[in-house]
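**Student:** In UniProt numbering, the protein residues as written are 1 to 401. Backbone N, C-alpha and C fix where the C-beta goes; we use that ideal spot for every residue, glycine too.
Below, the structure is given as structure tokens:
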């Protein structure tokens, strides 16, 4: 048991006391020997809390948010900054979910000093003490509190048109920038109840990614409708999948299926007969070295088990410099959020171009964001399977000898 483990909460103690703890420790020693045990324990505990909270969410009949596609790099933070990553669950438009357990510390808003911001803000955006109290008490985490403030501050973006998908906090990645005055006001209110947010690093790591994710995410009902349609399609295609043998090269190391694919595996995900599949030239500039021929695209389709797996295999093909023994891809994700580097947007756009060519559906936005993006980020997070297997075998051999 690592030093200082007594500071972990009940979930942490559950992990430490578990018989599976030794398995987790051996896995981390084999695959991530440079990561201190205290650091990965924090991440492990946070994922447990996220899972438990997600279970409560499902029990209430609501869909869990896909907010864990990007994990925070806690190891590289300065020692003087204590970062508590929190799950992004619930939104301002869903204030009645009182049955869930809040992770927030109770606040005495009646006696809380709420100064006016020291920068110019239109009066209509200033919140009353009662408004802040109600939002805080409806929130499940400090990140959720910030997300609810975002919804309240930007009502023009939170409509069924999903205009907010065109925005993020910085205006990067080809997006428009959220009004900096209102974003600063959100930070001002967050700092009142969470003083750590005065630190720029904490604000960037804990909150900017949450706000950007909230802009990307569609409304609950739209996500629930899409998920239900995907379930129905999965039930229809599952029988076909079981009757069709997998392609003999279907699970090659260089682009294996994600360990937790967000969609059901289906060999019939390609909507066009392979012999008729042709891919148009992209309408945006792409270095010719990254362009794939029709036959190359067909080959990757044949090896893929799902549209998400197809996107992950394209990732491996188009980013060869990241898929080496150095595991450089662990430093990247699709958006550059959560203290990661951003994958080359041109090649990401090319991946989407190929996905749209083999999967031309009306709801390609949902397919891309709910199936392809999570698969891409998951593939970046996962180390080489062959390397892991070699390390495990070497460890077994040394144990036997």
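With a threshold of 8 Å, are at least 3 pairs of Cβ atoms found where one atom belongs to the region 180 to 190 and the other to the region 125 to 135?
**Tutor:** A contact exists between the region 180 to 190 and the region 125 to 135.
**Student:** State the Cα-Cα distance for the pair residue 297 and residue 313, rounded to the nearest angstrom.
**Tutor:** So the two alpha carbons sit approximately 10 Å from each other.
**Student:** Per DSSP, what kind of secondary structure is residue 359 in: helix, strand or coil?
**Tutor:** Of the three classes helix, strand and coil, the one that applies to residue 359 here is coil, per DSSP.
**Student:** Tell whether a beta-carbon distance below 8 Å holds between residue 117 and residue 211.
**Tutor:** Against a cut-off of 8 Å, the Cβ pair of residue 211 and residue 117 comes out as no contact.
**Student:** Could you check the C-alpha separation between residue 293 and residue 279 for me, to the nearest Å?
**Tutor:** Between residue 293 and residue 279, the C-alpha separation is close to 8 Å.
**Student:** Is DSSP giving residue 177 helix, strand or coil here?
**Tutor:** Note: residue 177 maps to strand in three-state DSSP.
**Student:** Tell me the DSSP secondary structure of residue 167 in three-state form.
**Tutor:** It is a strand residue.
**Student:** Is it right to say residue 377 is buried, meaning 16 or more other beta carbons lie within 10 angstroms of its own, or is it exposed?
**Tutor:** Result: buried.
**Student:** Could you tell me if residue 284 is buried or exposed, where buried requires 16 or more neighbouring beta carbons within 10 angstroms of its beta carbon?
**Tutor:** Per the 10 Å Cβ criterion, exposed.
**Student:** Using the Cα positions of residue 368 and residue 352, report the straight-line distance between them to the nearest angstrom.
**Tutor:** Using only the alpha carbons, I get a separation of about 7 Å.
**Student:** Counting pairs of Cβ atoms below 8 Å between the region 319 to 330 and the region 187 to 206, do you hit three or more?
**Tutor:** At 8 Å Cβ cutoff, the stretches do not touch.
**Student:** Is the region 102 to 111 close to the region 130 to 137, with three or more CB pairs under 8 Å?
**Tutor:** Yes, they touch.
**Student:** In angstroms with no decimal places, state the Cα-to-Cα distance between residue 163 and residue 322.
**Tutor:** Answer to the nearest angstrom: the Cα atoms are 33 Å apart.
**Student:** Name the residue from 315, 27, 308 and 138 whose alpha carbon lies nearest to the alpha carbon of residue 380.
**Tutor:** Selected option, being the one with the closest Cα: 315.
**Student:** Counting along the chain, where does the alpha helix (DSSP H) carrying residue 116 start and finish?
**Tutor:** Unbroken run through residue 116: none, as it is neither H nor E.
**Student:** Taking buried to mean at least 16 other C-beta atoms within 10 Å of its own C-beta, is residue 96 buried or exposed?
**Tutor:** Any reading at residue 96 needs caution, since the residue's pLDDT is 44, under 50, leaving its predicted position unreliable; the model's value is listed next. Counting Cβ neighbours within 10 Å, residue 96 comes out exposed, since fewer than 16 surround it.
**Student:** DSSP puts residue 341 in a beta bridge; with which residues?
**Tutor:** Answer is 332, bridged to residue 341.
**Student:** Check residue 198 in the structure and name its three-state DSSP category.
**Tutor:** Three-state result, residue 198: helix.
**Student:** With DSSP run on the structure shown, which of helix, strand or coil describes residue 269?
**Tutor:** Reduced to three states, the DSSP call for residue 269 is coil.
**Student:** Run through DSSP, which three-state label would residue 302 get?
**Tutor:** In this structure, residue 302 counts as helix in the three-state DSSP scheme.
**Student:** Where do the ends of the alpha helix (DSSP H) carrying residue 134 lie?
**Tutor:** Element bounds for residue 134: 129 to 138.
**Student:** Alpha carbon to alpha carbon, what distance is there between residue 149 and residue 349?
**Tutor:** Each residue's Cα considered, the two are about 31 Å apart.
**Student:** In chain order, what residues of the same chain have a beta carbon less than 7 Å from the beta carbon of residue 261, not counting five sequence neighbours either side?
**Tutor:** Per-residue confidence for residue 261 stands at a pLDDT of 38, beneath the threshold of 50, marking its modelled position as unreliable; no derived number is given.
**Student:** Taking the alpha carbon of residue 115 as the reference point, which residue from 129, 106 and 196 has its own alpha carbon closest?
**Tutor:** Ranking the options by Cα distance to residue 115, first place goes to 129.
**Student:** Pull up the distance between the alpha-carbon of residue 382 and that of residue 145, whole angstroms please.
**Tutor:** Whole-angstrom Cα-Cα distance: 31 Å.
**Student:** Just the Cα atoms here: how many angstroms apart are residue 354 and residue 370?
**Tutor:** So the alpha carbons of these two residues sit roughly 17 Å apart.
**Student:** Within the continuous alpha helix (DSSP H) that includes residue 217, where are the two ends?
**Tutor:** Looking at the DSSP string, residue 217 is not in any alpha helix (DSSP H), and its letter there is neither H nor E.
**Student:** Considering only C-alpha positions, which residue in the set 302, 342, 300 and 154 is nearest to residue 215?
**Tutor:** Of the candidates 302, 342, 300 and 154, the one whose C-alpha sits nearest the C-alpha of residue 215 is 154.
**Student:** Among the candidates 347, 362 and 345, whose CA atom is the shortest distance from the CA of residue 271?
**Tutor:** Of 347, 362 and 345, the residue nearest in Cα terms is 362.
**Student:** Flag this pair as yes or no: are the beta carbons of residue 104 and residue 147 separated by less than 8 Å?
**Tutor:** No, the pair does not count as a contact, with Cβ atoms beyond the cut-off.
**Student:** Is it right to say residue 300 is buried, meaning 16 or more other beta carbons lie within 10 angstroms of its own, or is it exposed?
**Tutor:** Buried, since its Cβ has 16 or more Cβ neighbours within 10 Å.
**Student:** Considering residue 380, what are the terminal residues of the alpha helix (DSSP H) in which it resides?
**Tutor:** Segment 373 to 381, the alpha helix (DSSP H) holding residue 380.
**Student:** Rounding to the nearest angstrom, what Cα-Cα distance links residue 172 and residue 345 in this structure?
**Tutor:** One C-alpha to the other measures close to 11 Å.
**Student:** Name the two residues that bound the continuous alpha helix (DSSP H) containing residue 365.
**Tutor:** Counting along the chain, the alpha helix (DSSP H) containing residue 365 begins and ends at 364 to 367.
**Student:** Using a 10 Å radius around the Cβ and a threshold of 16 neighbouring Cβ atoms, would you call residue 119 buried or exposed?
**Tutor:** Flag for residue 119 reads exposed.
**Student:** Can you tell me whether DSSP reads residue 348 as helix, strand or coil?
**Tutor:** Helix.
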